[in-house]
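In the numbering used here, the protein residues as written are 75 to 585. Heads up: the structure comes next, in structure tokens.
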Amino acid sequence: MTNDLPAEINPNKLDDQSQLNDTYRKNVALSGVYGLSELSLRKQRAVNTIAHTVQEQFFLRNPELANADESISEIVTEEYVDKSGSMFEIPEETIMSAMGYTDKRKYYSYTQVLELFREIADATIGFDALGVAKQFNEREEWTGFTKFIGSVERKKGYFKISMPPPMILKIVNPETSFQGTTDWTLYNSRNTPGIYETCQFYFERNQDVTPWFSVEEIRKLTGAKSKMYEEPKHLRSRVINVALNDINKQPLPLLIEVESGSFGEKLKEWERRKAAGQMPGRKPTTHYRFVIKEKTGSVINGNLLTDQIHLTSQKTELQSLGIAKNQIDGVLDECRDKHGNLEFRYLRWCIQKGHEMRRLSEHNKKSSDHFGGLFRKNIIRGKKFDWFAIDNMITGHLYEVDNKFDPSNQSDSKLIKSLFNKLQSNIVSEYISSLTEFGYAHLREEFDKFLLKEFPHKHKEMVVEKDISLEDMKVVSGHSYHFHLYLDLNTDLFKYESFAQAMRRHLESES
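Structural data, given as structure tokens:
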């Protein structure tokens, strides 16, 4: 990587050098959260922070989902979620910051926060107030109700939260999702989030106006339950306009305006009275829609809250892999680049590799301390040279193609992943094509044995039921994960030298 490339995040300067994007993939149904009792902005902030943390920790624990973008909804079932675990930990400071408590000298007691969690747990919360998720994907049903959290315990500086598996499934499903804002401290009204995030969803799909929503749908979305809001003029002046004023004054990327319309029986009745000369008054408002524009020059940089969620989730997973709490800082130091900056992408990759290793029969019975030592030696230290060499080669190439390339930018980080996967697919393809008929048969036999021993459910699916060929598993994807894992464990295919050769072939094919 050239010295001109942007530096990675320095965790010692998270307050002024944050480069992580302030968004995460969020299901649009979670923007349509509503309760039978009023959901205050503080409760909504807590729900949003929990959802983001659950998603971050879930994908760290399940490395096979890293390249399953197209098939994730097929892989992640309630049974899958059950096996993955439903307990998540959030540091006290992260929750406090998300809920707007930033000054320790003015602290409320933690019991107050636990009480808020209890209220959330007791409340029956509905999702998809506008039916958007159902509209865009018939397979994803959000028509029922669920408890958002099962239980909460405050212990050793963390809130340990148990989530119902159906709720986890909804949170991690990427279908009908959008880049949702992580930090809600920019919102000052409880009416704002639902409107803004619904508009975000449509804007991502290149739509500059939302569909028409009825007065009742807007009331449901914004939590405007009072009878006074049955009157459209009050709903607009005291709820919609307040939310839009909040949105348009804040440094958020979108500018939103509202339009009113008349449809249905009320309009027909008004037209009938007008035709009869009965002085019907103003045309009745029955629906609203939102016009969406991008604010000129508006840029939202990553912030401390986003970094906290990422880093604390990663620390939690390191401990689950046997790294003692007093060794965490040492492990983070081992994940720094040559400039001394913590490379979050390497740390995340190591954690996913650690979970791969922990599942294998050779390691799943080892004590936590024993496994933690092996994980640190074989992955964090043992894989570092190749990972950074490969990453420097890929990011250096992408920087040569576009000198504005920035690996800390979310869209550019996807380019890194895409090229990495393309090179790995090429390596596997070259390897398979170089095998003799006997070599191919031997590889197939050994891979089948590996599946039967380590992942018997996958052996049944891939060998017994579908008889998937090795040729069909050359390309990196969710379906080829176990074959590529086998090659990683049993060959030296994925070293820097192999990626360098694959890069040369890639450049030759493009010239």
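We put the CB at the ideal spot given by N, CA and C, even for glycine.
- The way I'd put it, the stretch 448-461 doesn't touch the stretch 501-510; fewer than three beta-carbon pairs between them come closer than 8 Å.
- According to the DSSP assignment, Ser251 belongs to the beta strand (DSSP E) that extends over 251-255.
- About 34 Å separates the beta carbons of Phe287 and His384, which is beyond the 8 Å limit, so they are not a contact pair.
- Gln209 and Val150 have their C-alpha atoms spaced approximately 21 Å apart.
- Under a 10 Å Cβ-count criterion, Asn564 is classified as exposed, with fewer than 16 other Cβ atoms of the shown protein chains found around its own Cβ.
- DSSP lists His361 as the bridge partner or partners of Ser288.
- Beta-bridge analysis with DSSP links Ile330 to Ile366.
- A Cβ-Cβ separation of about 17 Å leaves Thr272 out of contact with Thr256 under the 8 Å criterion.
- Under the three-state reduction of DSSP output, Met237 falls in the coil class, being neither helix nor strand.
- DSSP places Glu152 within a helical segment (H, G or I) once states are collapsed to three.
- The way I'd put it, the stretch 420-436 doesn't touch the stretch 476-491; fewer than three beta-carbon pairs between them come closer than 8 Å.
- Each of Arg135, Arg279, Ile164 was checked against the Cα of Asp156, and the nearest Cα belongs to Arg135.
- Contact check between the stretch 124-134 and the stretch 258-277: fewer than three CB pairs, one atom from each, fall below 8 Å, which does not count as touching.
- The alpha-carbon separation between Arg228 and Ala120 amounts to approximately 15 Å.
- By the Cβ rule, the stretch 329-336 counts as touching the stretch 363-372, because three or more pairs are nearer than 8 Å.
- According to the DSSP assignment, Val226 belongs to the beta strand (DSSP E) that extends over 225-229.
- CA-to-CA, the gap between Thr469 and Lys389 works out to about 26 Å.
- For the stretch 486-566, the continuous alpha helix (DSSP H) assignments of 4+ residues that do not extend past its boundaries occur at 511-528, 530-533, 555-564, in sequence order.
- Each residue's CA atom was taken as its position, placing Pro238 and Ile223 some 6 Å apart.
- Nearest in C-alpha terms to Ser503, of all of Asp460, Glu528, Phe557, is Phe557.
- Under the three-state reduction of DSSP, Gly447 is assigned to helix.
- The Cβ atoms of Asn415 and Asn247 do not sit closer than 9 Å to each other.
- The shortest C-alpha to C-alpha distance from Arg433 to any of Phe418, Leu525, Thr370, Leu567 is the one to Leu525.
- Bounds of the beta strand (DSSP E) holding Ile164 are 161-165.
- Between Tyr303 and Val316, the beta carbon gap of about 12 Å keeps them out of contact (Cβ cut-off 8 Å).
- Within the model, the alpha-carbon separation for Glu167 versus Val289 is close to 39 Å.
- Counting C-beta pairs with one atom in each stretch, the stretch 264-283 and the stretch 335-352 have fewer than three that are closer than 8 Å, which means they do not touch.
- Rounded to the nearest whole angstrom, the C-alpha separation of Gln118 and Asn280 is 27 Å.
- With 16 or more other Cβ atoms inside 10 Å of its own Cβ, Leu115 counts as buried.
- Judged by DSSP secondary structure, Arg279 falls outside any alpha helix (DSSP H); it is assigned neither H nor E.
- Leu318 is not a Cβ neighbour of Ile292, given a cutoff of 9 Å.
- In the structure shown, Ile314 falls within a helical segment according to DSSP collapsed to helix, strand and coil.
- Scanning Arg422, His444, Phe462, His516 for the CA closest to the CA of His413 turns up Phe462.
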